[in-house]
Amino acid sequence: MKLVYEGKTKTVCELEDGNYLLKFKDDVTGEDGVFDPGANTVGLTIEGAGKTGLRLTKYFFELLEQKGIPTHFVNASIEDTTMTVKPAQMFGNGLEVICRYRAVGSFLRRYGMYAEEGQELDGFVEVTLKDDVRQDPPISEDALAMLGILSHEEYQRLKELTREIGSIIKADLEKKGIDLYDIKLEFGRAGDNKEITLIDEISGGNMRAYKNGDYIEPLKLGELILSE
């Protein structure tokens, strides 16, 4: 097993069979001890966050696989807080794709002159570069194509998948009385046909969810979703 990457919330190792092993940490993104899924730094460490994040990721990836969504998920060991995944090629140095249902977080910080907090956004899809130095700048479809990061056709597929995934997760949370405000996803090209595939994780650490108008912390979100 070879160490490939030490990330903010996960360690990535290459396995002998060509797959990869993700080790989930208890670190979550944020600033000054406050969780923020859109932040570029580790803001705090929450005991049990890694295991809860993995359990949620397994839950959602298996749900999405049942719905025909391509993912890199192979299997998971909750006790070891590890997940085995298929190899996938990133777009450039990595993209983050956000599906927004309410105006909060960085969207509100950027567009607050025109948007009100909590305003409905109807599944708005936004793509940002994974670039900590430049604060993950948003990038347009045309710029992505001109820079050779992904084609127009790939962008449309990315957008389509993001909305489909967002709607599946939103509907699942609604069954538990939880409102999804936004969710951040990552994709890559996988397999011989370079199919656009969901990668990384889906957990409380990369979404904002509310219940009765109150924000739900990542660990609490895991308890609410997995308790039934």
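Here UniProt numbering is used: the first residue of the sequence shown is 1, the next is one more, and so on. Heads up, the beta-carbon is just placed ideally off N, CA and C, and yes, glycines get one too. Keep in mind that this is a model prediction, so the values were computed, not measured.
In this structure, how does DSSP classify residue i when only helix, strand and coil are distinguished?
| i | result |
| --- | --- |
| residue 203 | coil |
| residue 209 | strand |
| residue 89 | strand |
| residue 221 | helix |
| residue 8 | coil |
| residue 96 | strand |
| residue 76 | strand |
| residue 132 | coil |
| residue 1 | coil |
| residue 114 | coil |
| residue 67 | coil |
| residue 121 | strand |
| residue 108 | helix |
| residue 62 | helix |
| residue 198 | strand |
| residue 52 | helix |
| residue 57 | helix |
| residue 15 | coil |
Within the same chain, show all residues whose beta-carbon is closer than 7 Å to that of residue i, passing over the 5 residues directly before and after it, in chain order.
| i | result |
| --- | --- |
| residue 78 | 51, 54 and 55 |
| residue 165 | 64, 69, 185 and 198 |
| residue 201 | 53 and 57 |
| residue 22 | 10, 12, 82, 83 and 85 |
| residue 196 | 154, 157, 158, 161, 187 and 189 |
| residue 108 | 115 and 117 |
| residue 2 | 13 and 14 |
Using a Cβ-Cβ cut-off of 6 Å (strictly less than) and excluding sequence neighbours within five positions of residue i, which residues of its own chain qualify?
| i | result |
| --- | --- |
| residue 95 | 127 |
| residue 91 | 149 and 150 |
| residue 118 | 102 |
| residue 152 | 145 |
State the CB to CB distance for the pair residue i and residue j, rounded to an integer number of angstroms; the pair is presumed to be in contact (CB under 8 Å).
| i | j | result |
| --- | --- | --- |
| residue 189 | residue 89 | 4 Å |
Which same chain residues, not among the five before or five after residue i, have their C-beta less than 8 Å away from its C-beta?
| i | result |
| --- | --- |
| residue 173 | 179, 180, 209 and 225 |
| residue 123 | 99, 100, 101, 163, 166 and 167 |
| residue 87 | 18, 19, 20, 72 and 190 |
| residue 131 | 93 and 137 |
Quick one: does residue i have its CB under 8 Å from some CB of chain B?
| i | result |
| --- | --- |
| residue 198 | Considering every chain present, this structure includes no chain B. It has just one protein chain. |
Next on the checklist: Using 8 Å as the cut-off, can you tell me whether the stretch 204 to 216 makes contact with the stretch 173 to 181, which would need three or more C-beta pairs spanning the two stretches below that distance?
Outcome noted: Judged by Cβ distances under 8 Å, the stretch 204 to 216 makes contact with the stretch 173 to 181, as three or more pairs qualify.
Next on the checklist: Please give me, in chain order, every unbroken run of the alpha helix (DSSP H) with length at least 4 that falls completely inside the stretch 142 to 193.
Outcome noted: Within the stretch 142 to 193, the runs of alpha helix (DSSP H) at least 4 residues long that lie entirely inside it are, in chain order, 152 to 174.
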